[in-house]
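So the sequences go chain by chain: A and E. Start counting the first sequence at 0; every next residue gets the next number (numbering that gives the first Met the number 0). Start counting the second sequence at 0; every next residue gets the next number (numbering that gives the first Met the number 0). Below is one structure, written out as structure tokens, with a few remarks after it.
Number of protein chains: 2
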Amino acid sequence: MDFSVQIREKGLKVTPARLSVIEVLSEGNQAFAHAELEKIFDTMDRVTLYRILNDFEYVGLVHKIVDAEGITRFALCKKSCPDKHHTDDHVHFNCQICHKMFCLDKVHEPQINLPNGFKAERLQTLIYGLCNSCNAA
Amino acid sequence: MDFSVQIREKGLKVTPARLSVIEVLSEGNQAFAHAELEKIFDTMDRVTLYRILNDFEYVGLVHKIVDAEGITRFALCKKSCPDKHHTDDHVHFNCQICHKMFCLDKVHEPQINLPNGFKAERLQTLIYGLCNSCNAA
DNA sequence: CCTATCTTTGCAACAAAGTTGCGTTTAGAT
DNA sequence: ATCTAAACGCAACTTTGTTGCAAAGATAGG
Ligand SMILES: [Mn+2]
Ligand SMILES: [Mn+2]
Ligand SMILES: [Zn+2]
Ligand SMILES: [Zn+2]
Numbered sequence: 000m001d002f003s004v005q006i007r008e009k010g011l012k013v014t015p016a017r018l019s020v021i022e023v024l025s026e027g028n029q030a031f032a033h034a035e036l037e038k039i040f041d042t043m044d045r046v047t048l049y050r051i052l053n054d055f056e057y058v059g060l061v062h063k064i065v066d067a068e069g070i071t072r073f074a075l076c077k078k079s080c081p082d083k084h085h086t087d088d089h090v091h092f093n094c095q096i097c098h099k100m101f102c103l104d105k106v107h108e109p110q111i112n113l114p115n116g117f118k119a120e121r122l123q124t125l126i127y128g129l130c131n132s133c134n135a136a
Numbered sequence: 000m001d002f003s004v005q006i007r008e009k010g011l012k013v014t015p016a017r018l019s020v021i022e023v024l025s026e027g028n029q030a031f032a033h034a035e036l037e038k039i040f041d042t043m044d045r046v047t048l049y050r051i052l053n054d055f056e057y058v059g060l061v062h063k064i065v066d067a068e069g070i071t072r073f074a075l076c077k078k079s080c081p082d083k084h085h086t087d088d089h090v091h092f093n094c095q096i097c098h099k100m101f102c103l104d105k106v107h108e109p110q111i112n113l114p115n116g117f118k119a120e121r122l123q124t125l126i127y128g129l130c131n132s133c134n135a136a
């Protein structure tokens, strides 16, 4: 897949830094923590990485997930999301062994009955446990 | 309710600082961010507050919730939880207007079907929207 | 009630995570 | 090839959370 087109379509300039980030994010179906990405792009400035990820999130190329420990991770959006209003309403899964965070695209957010007066706008489900490959071992 | 007993039962010493923290946490059905508590206890040392909250969480007096923006909040456990293994499996609700975080004790975590091989251990549901009092206005 | 002991607190210093300002470099339009 | 707005690198700063240590406080036993 050609990421240059997607980046340019979102109104961002195509740069080597942005291309390499989006390429890594496209590997597997995972969300990457900032620290992991910093290690991968050890020559890239920390601030640049922050800005690339935030810009990508802003234009709808990636979405952000914060786990229960407060670690922020970024994952590529499958279907292109309209700006600022992400439509990735899927469940996220965090493996306790390999610590990878998976986007379960096919598992949709559940419907939940709220107490009287409360109105849901957005829902976020995070599941902790064993991923398929760690479960096998 | 006498919080001294609960604190002592968990093997912690009863101090003015701990009593005042647990008292504030018992107001409403809300989870408080560290920053909010710091403002309330403006004379208390920041580190002391961190230690009180972490100790309370460790012994099972409070539970911690991290929202989608990465803000950590603390809420009193209703039924006393066994150490380190919290049984508060209820849904949390974050109001977009008043920014309060509510513990919806009566709304239990949903059951979710995972892809083959994945095994759920713990589940966390966070809902964003309008709380009952903000919805009325 | 007093003392001894272990816990908790406050302060200072540090670490990790994220942001802002600014000068330089670069993408890409003309 | 030139020009300009966007992106980058660097330094400084903020916010959030942790650690070490000495002083103060809680409580059990005498
Ligand atoms: Mn995802
Ligand atoms: Mn709760
Ligand atoms: Zn795994
Ligand atoms: Zn509200």
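Yeah, the Cβ is synthetic: ideal placement off N, Cα and C, and Gly gets one too.
- Contact of P109/A with chain E is assigned, a C-beta pair being separated by under 8 Å.
- Listed along the chain, the chain A residues whose CB falls inside 9 Å of the CB of T124/E are E108, P109, I111, L122, Q123, T124, L125.
- These are the residues, in chain order, with a beta carbon less than 5 Å from any non-hydrogen atom of ligand 3: C94/A, I96/A, C97/A, C130/A, C133/A.
- For V61/E, no chain A residue has a C-beta closer than 7 Å to its own C-beta; the minimum C-beta separation is roughly 15 Å.
- The DSSP-derived three-state label of N131/A is helix.
- Ranked by Cα distance from D44/A, the first of S25/A, A16/A, D54/A, Q5/A is A16/A.
- DSSP places Q5/E inside the alpha helix (DSSP H), whose first and last residues are 2-8.
- Counting of Cβ neighbours within 10 angstroms places H62/E among the buried residues, the total reaching 16 or more.
- For V23/E, not one C-beta of chain A is nearer than 8 Å to its own C-beta.
- For F55/E, there are no C-beta contacts with chain A under 9 Å, since the nearest C-beta of that chain is about 17 Å from it.
- Neighbours of T42/A across chain E, judged by C-beta separation under 9 Å, do not exist; the nearest C-beta is about 27 Å away.
- Residue pairing by DSSP places T71/E opposite V65/E in a beta bridge.
- CA-to-CA, the gap between E108/E and K9/A works out to about 37 Å.
- For L103/A, the uninterrupted beta strand (DSSP E) run begins and ends at 100-107, by DSSP.
- For I51/E, the CB contacts under 8 Å within the same chain, skipping 5 residues up- and downstream, are A16, R17, V20 in chain order.
- Here the alpha carbons of A135/E and E56/E stand approximately 34 Å from one another.
- Within its own chain, the residues whose Cβ lies closer than 6 Å to the Cβ of N93/A, once the five positions on either side in sequence are excluded, are D66, M100, Y127, listed in chain order.
- 8 Å or more divides the Cβ of C76/E from the Cβ of C97/E.
- Chain E has no Cβ within less than 8 Å of the Cβ of N28/A.
- The beta carbons of I111/A and L122/A sit about 7 Å from each other, so the pair counts as a contact at 8 Å.
- Around the CB of T42/E, fewer than 16 other CB atoms lie within 10 Å, so the residue is classed as exposed.
- By alpha-carbon distance to H89/A, the top candidate from Q95/A, K105/A, A74/A is K105/A.
- Close to ligand 2, as judged by a C-beta nearer than 7 Å to any of its heavy atoms, are the residues A30/E, H62/E, I64/E, A74/E, D87/E, H89/E, H91/E, C102/E, in chain order.
- Counting along the chain, no beta strand (DSSP E) covers A16/A; the unbroken alpha helix (DSSP H) around it starts and ends at 15-24.
- Under the 8 Å criterion on CB atoms, F73/E is classed as non-interfacial with respect to chain A.
- Within the same chain, and ignoring the five residues on either side of E37/A in sequence, the residues whose Cβ sits closer than 7 Å to its Cβ are R45, L48.
- Here V90/A is bridged, per DSSP, to L103/A.
- The alpha-carbon separation between Q95/E and G116/A amounts to approximately 14 Å.
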